[in-house]
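For the sequence shown, the UniProt record's numbering assigns the number 1 to the initial residue and increments by one for each residue that follows.
Ideal Cβ positions, reconstructed from N, Cα and C, are used throughout, including at glycine.
Quick caveat: nothing in here was measured; it's all calculated off a predicted structure.
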Amino acid sequence: MDPARELPDLMRSLPIDRHRGLPIPAVTARHPDGGPDFSTVDGREALRLAAEGRCGICGNPLDSLVAFLGGPGAVEAGAYHDPPMHESCAEASTEMCPHLSRRDMRRLTDRRSTGVLPTTGTEEKPDRWVMWICRGFAAYVVDGMPLFRPTPYLRLRTFAYTDDGHLRETPSTTPRP
Ligand SMILES: [Zn+2]
């Protein structure tokens with residue numbers, strides 16, 4: 001994480017991983033030793049927070065608009081494995097989350113945590129990420145994994161990897177459907 005970057009206010013109460021200096025998102029799974037497993041979403045926690053109308057990153061109550069983050073396939077399917085977030089938290093994730101922010105950083109496939117539902121770990125990393133901003137969602141469990149179906153989007157924001165492998169928002173805008 002760029003040390004010069006300010007954390008969004010909503011994320012200031014999150015615990016900080018002392019090894020990476022990164023805030024630990026609310027849905028991040030834990031290794032048996034209690035350390036964060038940034039490569040795995042705790043599916044039960046994701047569903048619990050979503051059911052309570054809370055952000056999967058900062059854990060605070062969601063606003064009237066919610067954001068989802070996933071690859072182009074998620075947009076096509078209208079379905080996300082990662083939980084609803086604040087738009088500001090989703091944006092911060094594109095800059096801070098090691099899995100998202102750098103093209104060459106792979107999620108580990110190691111599943112040392114037990115009782116934790118892996119979500120996106122088995123997918124190939126997409127070449128771009130799309131933020132779906134909408135007013136609501138429904139939550140399901142499919143094959144033991146959380147699945148979120150957002151309501152029709154109001155806006156889409158696209159983030160693509162630069163030639164040197166950093167994720168940046170692209171200027172293209174998508175009109176309303
Ligand atoms: Zn948040």
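- Three or more beta-carbon pairs separated by less than 8 Å link the segment 125-132 to the segment 86-101, which places the two stretches in contact.
- Of all C-beta pairs linking the segment 83-91 to the segment 61-74, three or more are shorter than 8 Å, placing the two stretches in contact.
- Residue 7 is not bridged by DSSP to any residue.
- DSSP, read as helix, strand or coil, puts residue 88 in helix.
- DSSP places residue 169 in the uninterrupted beta strand (DSSP E) bounded by 167-169.
- Counting along the chain, residue 27 sits inside no alpha helix (DSSP H), nor does DSSP assign it H or E at all.
- One residue list follows from the rule of a beta carbon closer than 6 Å to any heavy atom of ligand 1, given in chain order as 10, 55, 57, 58, 60, 85, 86, 89.
- In its chain, beyond the 5 residues on either side, 10, 54 have a beta carbon closer than 7 Å to the beta carbon of residue 60.
- Secondary structure at residue 48: helix, using DSSP grouped into helix, strand and coil.
- Residue 147 carries a strand assignment under DSSP once its states are collapsed to helix, strand and coil.
- Closest in alpha carbon position to residue 149, among 74, 13, 23, is 74.
- Annotated as proximal: residue 37 and residue 29, with beta-carbon spacing under 7 Å.
- Between the alpha carbons of residue 159 and residue 46 lies a gap of roughly 23 Å.
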